[in-house]
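Position 142 of the sequence shown, counted from 1, bears residue number 142 in the UniProt record's numbering, the numbering being contiguous throughout. Okay, so here's the structure we're looking at.
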Amino acid sequence: MKRSYKTGRYDSLSGVGTICGARTGKVLHISVRNKYCSICIKAEKLNKEPAIHKCYKNWGRDCSSTSMEADTIVGFYFYDGSQKENEENYIPQLKKCGLYEKLQNALKYLTWNAKSLLQNKDSNRVGTFKSVISKCIGGKRINFGLRGSYQTRCYAAVVTFNTGKPISCLSNILKTKPGKVAVEFENKKRHAQIAYGTKKRSVIRKVKYTTTDKDYSPQAEKPDAPPAEMELRKVEHMHILRD
1 MKRSYKTGRY
11 DSLSGVGTIC
21 GARTGKVLHI
31 SVRNKYCSIC
41 IKAEKLNKEP
51 AIHKCYKNWG
61 RDCSSTSMEA
71 DTIVGFYFYD
81 GSQKENEENY
91 IPQLKKCGLY
101 EKLQNALKYL
111 TWNAKSLLQN
121 KDSNRVGTFK
131 SVISKCIGGK
141 RINFGLRGSY
151 QTRCYAAVVT
161 FNTGKPISCL
171 SNILKTKPGK
181 VAVEFENKKR
191 HAQIAYGTKK
201 RSVIRKVKYT
211 TTDKDYSPQA
221 EKPDAPPAEM
231 ELRKVEHMHI
241 LRD
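Written as structure tokens, this is what we have:
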């Protein structure tokens, strides 16, 4: 996260990336990036080797805070390759036999129609989870990114968001019995959320406009492709017709 104020620039020391399921609406994966470790910084100031500790710093101080989000998302879908160092790379062989080029051509049609494959989904669910994280970390009031507190609070937010019963889940982990008041509070809050969601879906909104604007969003007239790209598509289409 990056913010600019009159007094100067603010770069966040920690960041979190999240993926929520399109059908379940629950958090599927979460990744945290930290640029600071209090033990390492203290040892560096004293020109000493840091003591043996669990270091939560996994992002460089010279790297921008705005690139944290992109790195977390890439880490969700692409493997880092640490366990595949001894495996053979077949990409040169695929390029030599021509199969790699065919795969690239097939992916072009996916990239050209990527917007239609998104099914008009939004990121509202992720925004809701972000509000839960804000409650756990207290916004920017206190810096919890010095050690592992920020990461722990993000994981606690996942339990709260996915289950709705954080106290009961913590009691199950500790093999203790949750208090009666806590159970009643969690059940009451859960029933209120379900009732609110049911009521919201049952409300029939009056549609004011039944037609779409032909000059707006997907209905707008799209510009023609560049001449070079049109020639490439013509050649590829002719190859398809010949095959």
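Note that CB positions come from ideal geometry on N, CA and C, so glycine has one too. Since the model is a prediction, treat every value here as computed from it, not as a measurement.
Okay, do the region 49-62 and the region 19-35 touch, 3+ Cβ pairs below 8 Å being the bar? As far as the Cβ criterion goes, the region 49-62 touches the region 19-35, which means the pair count is three or higher.
Taking the beta carbon of T198 as the centre, do at least 16 other beta carbons fall within 10 Å, making it buried, or is it exposed? The residue given as residue 198 occupies position 198 in the sequence shown. Classification for T198: exposed.
Going by DSSP, name the residue or residues bridged to I30. Reading the sequence shown from its first residue, position 30 is the one you call residue 30. Within the DSSP bridge table, the entry for I30 names T18 as partners.
Own chain partners of R190 with C-beta closer than 8 Å, once the 5 adjacent residues on each side are dropped: Taking the first residue of the sequence shown as 1, we reach residue 190 at position 190. The answer, listed in chain order, is G164, K165.
If F76 and I19 are in contact, beta carbons under 8 Å, what's the gap, nearest whole angstrom? Residue mapping note: residue 76 aligns to position 76 of the sequence shown, counting from 1. Residue mapping note: residue 19 aligns to position 19 of the sequence shown, counting from 1. Contact flag correct, Cβ pair sits at about 6 Å.
In whole angstroms, what separates the C-alpha of I137 from that of C154? What you label residue 137 is simply residue 137 of the sequence shown in a count that begins at 1. What you label residue 154 is simply residue 154 of the sequence shown in a count that begins at 1. Roughly 8 Å between the two C-alpha positions.
Considering only the alpha carbon of each residue, which of L146, N113, A156 lies closest to V132? Taking the sequence shown and counting its residues from 1, one reaches residue 132 at position 132. For V132, the closest C-alpha among the options L146, N113, A156 is that of A156.
Opening and closing residue of the alpha helix (DSSP H) in which Y69 lies: If you number the sequence shown from 1, residue 69 lands on position 69. Reading off the sequence, residue 69 comes out as Glu, not Tyr. In the DSSP annotation of this structure, the continuous segment of the alpha helix (DSSP H) that includes E69 starts and ends at 67-77.
For D243, which residues in the same chain have their Cβ closer than 8 Å to its Cβ, ignoring the five residues on either side in sequence? In the sequence shown, the residue the question calls residue 243 occupies position 243. Nothing listed; no residue qualifies.
Can you say whether F185 is buried or exposed, counting buried as having 16 or more other CB atoms within 10 angstroms of its CB? Your numbering for residue 185 matches position 185 in the sequence shown. It counts as exposed.
Other residues of its chain near I39: CB distance less than 6 Å, five sequence neighbours each side excluded: Residue numbering aside, residue 39 sits at position 39 when the sequence shown is read from its first letter. If we look at I39 and ignore the five residues flanking it on each side, its Cβ neighbours are P50, H53.
Measuring alpha carbon to alpha carbon, tell me which of Q151, K135, V27, A114 ends up nearest L13. Your numbering for residue 13 matches position 13 in the sequence shown. Among Q151, K135, V27, A114, the Cα nearest to that of L13 is on Q151.
Range covered by the alpha helix (DSSP H) that runs through Y150: Start at 1 with the first residue of the sequence shown, and residue 150 comes out as number 150. If you look at Y150, you'll find it in the alpha helix (DSSP H) that goes 149-163.
In this structure, how does DSSP classify E236 when only helix, strand and coil are distinguished? Sequence index remark: in the sequence shown, residue 236 carries index 236 (1-based). DSSP places E236 in helix when its eight states are reduced to three.
Would I30 and G17 be called neighbours here (beta carbons separated by less than 9 Å)? Numbered from 1 along the sequence shown, position 30 holds the residue referred to as residue 30. Numbered from 1 along the sequence shown, position 17 holds the residue referred to as residue 17. The answer is yes: Cβ separation under 9 Å.
Limits of the unbroken alpha helix (DSSP H) element including E101: Numbered from its first residue, the sequence shown carries residue 101 at position 101. E101 -> alpha helix (DSSP H) spans 99-112.
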